[in-house]
Amino acid sequence: MSVHRDDLGARIGMWLFLFTEMLLFGGLFLLYSAYRSLHPLEFHAAGSELNVALGVFNTLVLLTSSYTLALSLTAVEKGQAQLAKRLVAATILLGTVFLIVKGFEWSAEFRHGIYPNGPELLKRAPGEVLFFGLYFTMTGLHGLHILAGMALLSVALLKLAKGTVKRGESIFLENVGLYWHLVDVIWIFLLPLFYLAA
Amino acid sequence: MNTNYLEPQGRGALRDWICSTDHKRIGVLYLSVMLTMFWVAVLIGVLMRLEQMTMGPTLMTPATYNAMFTVHGVIMIFLFVLPGLPAVFGNFMLPLMIGARDVSFPRINLLSWYFFIVGGALAVASLFLGGGAPDTGWTFYVPFSLRTGTNVSLAVFAAFLLGFSSILTGINFITTVHRMRAPGMTWHRMPLFVWALYSTAWIQVIATPVIGITLLLVILERTFGIGVFDPAKGGDPVLYQHLFWIYSHPAVYVMIVPAMGAITEIIPTFARRTIFGYKAIAYSSIAIAALGSLVWAHHMFTSGMSELANTVFSLLTFIVAVPSAIKVFNWTATLYKGSTKLEAPMLYALSFIFLFCIGGLTGVMQGALALNVHLHDTYFIVGHFHYTMFGGTGFAFFAALLYWFPKMFGRTYSKKGAVVAWVHMFIGFNILYGSMMLLGLKGMPRRYFDHLPQYHHLHVVATVGSWILVAGLAIYFITLLRALLHGAKAEASPWGGLTLEWTVSSPPPVENFDVIPTVTSSPYAYNPTRTS
């Protein structure tokens, strides 16, 4: 087969994929809005139990990680491969920080008996059960996307090291960047829906 | 001299196939798996009809019957009708028809076949493992699907993987159509099958993620009890139905639009006439994709939605029939004053129009709110659905296979065999599903393993119809298998088709085109003096 390279085609493909990701979360946003309009007070009460400070901290972590990733793409285009590698590594590190903070939050909630089918949660009103059901589903699914993004970033790091991602041939890193930014944007929506619901 | 794509490529037969990123080989891979699964589901269907031959339990228990209609539906829908035309003929023909050497992402194309295979294997495994075959019906409605002890999670996960396969194919086709068209192939010079695939790909991309998340939620609900669909915890089962049909109604257009596309290729070729209303057909595919996304709740008129929602969805349902009707009128107009040759593919294509009209118009009937209450959950729905999905997509699939078989495999088949098969299939089909519609009008509920005496007569008739239909299917497949083994060599263009796939040899060379062609005219210029 003749070698065929089409950067614009790859970009179109990635945007279409991002579109499907948005719709995947879209189903959950739909459930959220339906249940919140049915149980506004209970969503308010449940939302006040989340740690706003940690949520905001994690938002800053993700925004910074998007920034470092955008910088790394610029570095590649300027031919500064070493800098680009450091910046991608920093992005992976920030993703790890996000997951660790998230892990502390979840385990604190678990200790209080707040988890799906948890003894404490089942004593609550239906609206709160639904709130936490959606909270664990959506932040969990989002966490899986962070993990997938970190795996892709590691591949990008390898490709930078091998020199297959370089100036003029950075479409792989660019597409991973698009994916990472989308995951970031989804979090920007999750923060107000859950942490700031109170 | 180029070698054709079927010749060994020197990595051993197995690796040549399952590691190949050639769109033609991937199309054939899909075809072989799909037809195998099709026959499994056909046999399950025949067994269900045999059970209905008599009153009371004869062959199976009610629980087995529940598992059978579930598995029949899951296999037929997710493994045959839904991926059918895009995955087989889309993969094989799309690059050939637009003058390209492959799709945009050949490796992702192979990956999506692997998702398909694993999904298919898990679906089959769910029949035999631990808890027993799923018994929810292919719709997996909550709360029953949360309570039943059968392998629902596994079957649902299988459907999730198949959906992912479908998304990847959709992304691939959209990008391919945008980026890989040969020089001179403007949007309005694309064959109409390509337009249909393009519209279908958009539905796949827009709708499939929604079923993806819905199915994941069913698994999470069963595993962790998150509560969003569980009425005991405040969840709303009707919301599940909404999310399910937001995908699953557009999905029936994923099934029918490429089928219409294939018919649109076959009719002008055998009528020796340019297609009537090219743009109307092309844009009606897009219109179906758009409108079809807005009618999902017509499956839920009896689920307790508001009167307003019922009325709006009823109106939208009537409107979505318009673009389908536009296609039917254009096909008939194409036939007018054509020099029609009744070759085998044409017979199947013409019966598609007949059967699809019945299936489509009975769909409009059910869109009427008052009638819907009477017909809901009866055999009428089952009959209607089979007229569109089997009479429509199924017949179009068989027509397309006969039309492109000489191109795909380089062999000719016995016309007599294909025609005899058609006679049986057409007669058996109408007896079987026509009886079902009558049964439904009289009130026979769907998904019951037994029936009351007043329905007995028609049940017997339907069962006899199923035998004739299966005989036709058997003749069809034997004809093609014989052609595969002993058929005479096919020419490059046995039907005189004018689209680009007929310009290469049969079977096509590995690289499709030595030189990428330059397109200068419409794909259907059969009577150049009469086209403007």
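From first to last, the protein sequence lines are chains A and B. Read in order, the letters of the first sequence correspond to residues 0 to 197 in numbering that gives the first Met the number 0. Read in order, the letters of the second sequence correspond to residues 0 to 531 in numbering that gives the first Met the number 0. Each residue gets a CB set at the ideal place from its N, CA and C atoms; glycine is no exception.
Interface with chain A (8 Å Cβ-Cβ cutoff): Arg178 of chain B is included. Three or more beta-carbon pairs drawn from the region 407-419 of chain B and the region 478-497 of chain B are found closer than 8 Å, and the two stretches are therefore classed as touching. Residues of chain A with a Cβ closer than 8 Å to the Cβ of Leu242 of chain B are, in chain order, Gly26, Leu29, Leu30. Ala348 of chain B counts as buried, since at least 16 other C-beta atoms from the protein chains shown sit within 10 angstroms of its C-beta. In terms of CA proximity to Gly337 of chain B, B:Thr268 leads the group B:Met59, B:Ser31, B:Thr268, B:Ile74. DSSP places Arg100 of chain B in the coil class of the three-state scheme, outside both helix and strand.
In the structure shown, Thr57 of chain B falls within a coil segment according to DSSP collapsed to helix, strand and coil. Counting only runs that start and end inside the region 149-189 of chain A, there is no beta strand (DSSP E) element of at least 3 residues. Residue contact with chain A for Leu293 of chain B: absent (no Cβ-Cβ distance below 8 Å to any residue of chain A).
When the beta-carbon positions are compared, Phe139 of chain B and Val155 of chain B come within less than 8 Å of each other.
With a threshold of 8 Å between beta carbons, Phe397 of chain B makes no contact with chain A.
Setting aside the 5 residues that flank it on each side, Ile170 of chain A is surrounded in the same chain by Asp6, Ala9, each with a C-beta closer than 6 Å to its C-beta; the list follows chain order. A Cβ of chain B is located within less than 8 Å of the beta carbon of Thr19 of chain A. One alpha carbon belongs to Met259 of chain B, the other to Leu13 of chain B, and they sit about 34 Å apart.
A buried status is given to Ile76 of chain B, since no fewer than 16 other beta-carbon atoms sit within 10 Å of its beta-carbon. By the C-beta criterion, the region 159-179 of chain B is judged not to be in contact with the region 44-62 of chain B, since fewer than 3 inter-stretch pairs fall below 8 Å. One alpha carbon belongs to Lys488 of chain B, the other to Phe275 of chain B, and they sit about 33 Å apart. The residues Ser152, Val155, Phe156, in chain order, have a CB closer than 7 Å to that of Ile218 of chain B in the same chain once the five nearest residues on each side in sequence are set aside. When the alpha-carbon of Ile74 of chain B is set against those of B:Gly136, B:Trp421, B:Met92, the nearest one is in B:Gly136. If you look at Thr35 of chain B, you'll find it in the alpha helix (DSSP H) that goes 22-50.
Identification of chain A residues near Gly224 of chain B by a Cβ-Cβ cut-off of 8 Å yields Pro115, Asn116, ordered along the chain. Close to chain B, meaning a Cβ-Cβ distance shorter than 9 Å, is no residue of the region 162-188 of chain A at all. Each of B:Val253, B:Asp513, B:Phe228 was checked against the Cα of Gly89 of chain B, and the nearest Cα belongs to B:Val253. Leu95 of chain B sits close to Glu500 of chain B, with the two beta carbons spaced by under 8 Å. Residue nearest to His458 of chain B within the set B:Ile430, B:Tyr475, B:Leu468, B:Gly471 is B:Ile430 (criterion: CA-CA distance).
The DSSP-derived three-state label of Thr95 of chain A is helix. Put simply, the CB of Phe97 of chain A is far from chain B, with every gap to its CB atoms at 8 Å or more. In the displayed model, Pro508 of chain B falls within a strand according to three-state DSSP. In the DSSP assignment, Pro105 of chain B falls within the unbroken alpha helix (DSSP H) covering 105-127. Considering only A:Ile99, A:Leu72, A:Arg123, A:Leu192, the residue with the shortest C-alpha distance to Leu177 of chain A is A:Leu72. Less than 8 Å divides the Cβ of Leu93 of chain A from the Cβ of Ser64 of chain A.
A distance below 8 Å separates the beta carbons of Gly382 of chain B and Gly439 of chain B. Within the region 136-158 of chain A, those residues whose Cβ lies closer than 9 Å to any Cβ of chain B are, in chain order, Thr136, Gly139, Leu140. Two segments are said to touch when three or more pairs of C-beta atoms, one from each, lie closer than 8 Å; by this definition the region 43-54 of chain B does not touch the region 115-135 of chain B. The region 182-196 of chain A and the region 42-55 of chain A touch, with no fewer than 3 CB-CB distances between them shorter than 8 Å. Any Cβ of chain A closer than 8 Å to the Cβ of Ser103 of chain B would place that residue at the interface, and such an atom is present.
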